[in-house]
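Notes for the one structure printed next.
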Amino acid sequence: NAGVTQTPKFRVLKTGQSMTLLCAQDMNHEYMYWYRQDPGMGLRLIHYSVGEGTTAKGEVPDGYNVSRLKKQNFLLGLESAAPSQTSVYFCASNRDKSYGYTFGSGTRLTVV
Amino acid sequence: DQQVKQNSPSLSVQEGRISILNCDYTNSMFDYFLWYKKYPAEGPTFLISISSIKDKNEDGRFTVFLNKSAKHLSLHIVPSQPGDSAVYFCAAPLTTSGTYKYIFGTGTRLKVLA
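Chain order of the listed sequences is A and B.
Per our numbering: the first sequence ends with 112, consecutive numbering throughout.
Per our numbering: the second sequence ends with 114, consecutive numbering throughout.
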């Protein structure tokens with residue numbers, strides 16, 4: 001029972017480099033989300049998806065893109081990384097709006 | 001505009017005593033609240049929830065109280081144990097344009113002293 005799996009767990013990028021964070025869930029959840037956690041800021045929603053093939057912007061979407069080509073996967077892309085994107089990124093999913101989230105264990109990203 | 005606020009960034013409590021974590025919200029449309037617990041290097045995990053039709057929900061050592069008129073909720077942990085040391089987030093769902101996403105507070109770091 002893997003739940004929500006995020007890869008990689010850690011990454012260091014140079015400014016301007018690109019990368020993709022992968023989130024995979026095996027619970028057949030419709031809804032998936034990407035959050036970032038920064039000190040003193042709590043968890044802020046970047047992008048989310050309400051089903052396969054759909055994506056929508058959250059609270060802090062600038063500098064990120066997402067795709068949900070398969071129901072079980074939700075990818076978060078950084079096209080040109082900036083130091084302000086240094087953060088811990090969490091993916092989450094839920095079955096429908098009545099349920100709380102199941103979170104992944106996070107990806108710690110440092111942009112130098 | 002922080003719709004869910006946790007004004008205490010940290011709290012220290014002696015083992016066996018009560019821990020009280022507070023959360024305030026501004027949106028009167030919120031009808032459901034959750035508390036999450038987060039250990040270092042792990043994702044948040046669901047702890048307890050409360051619907052706005054209730055003013056109290058209890059699960060073992062954890063009780064959440066909701067005061068709708070004050071737009072305030074609190075999480076009580078009795079008795080506190082060292083394993084409860086973690087960051088606690090309160091969250092409320094925001095429904096816009098038919099979608100449903102959770103707004104989180106900034107978290108309170110609880111340290112239970114042995």
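Cβ atoms here follow ideal geometry from the backbone N, Cα and C, with glycine treated the same way.
Since the model is a prediction, treat every value here as computed from it, not as a measurement.
Check	Outcome
Identify every run of the beta strand (DSSP E) within the region 3-74 of chain A, keeping only runs that are complete inside it and at least 3 residues long; order them along the chain.	4-7, 10-13, 19-25, 31-38, 42-49, 64-67
Output yes if chain B places a C-beta closer than 9 Å to the C-beta of Gly53 (chain A); else output no.	no
Any beta carbon from chain B within less than 9 Å of Tyr64 (chain A)'s own beta carbon?	no
Identify the contact partners of Ser49 (chain B) in chain A, using a Cβ-Cβ distance below 9 Å as the criterion.	Gly100
Along the chain, where does the beta strand (DSSP E) that runs through Ser19 (chain B) open and close?	19-25
Are any of the Cβ atoms in chain A nearer than 9 Å to that of Pro79 (chain B)?	no
Under 7 Å, CB to CB, which of the residues in the region 22-51 of chain A have a partner in chain B?	Tyr33, Gly40, Met41, Gly42, Leu43, Leu45, Tyr48, Val50
DSSP beta-bridge partners for Asn94 (chain A)?	A:Tyr31
Kindly list, in the order they appear in chain A, the residues whose Cβ is closer than 7 Å to that of Leu34 (chain B).	Gly100
Check whether the region 60-76 of chain B and the region 19-31 of chain B touch, using three or more Cβ-Cβ pairs below 8 Å as the test.	yes
Could you tell me whether any Cβ in chain B is nearer than 9 Å to the Cβ of Phe90 (chain A)?	yes
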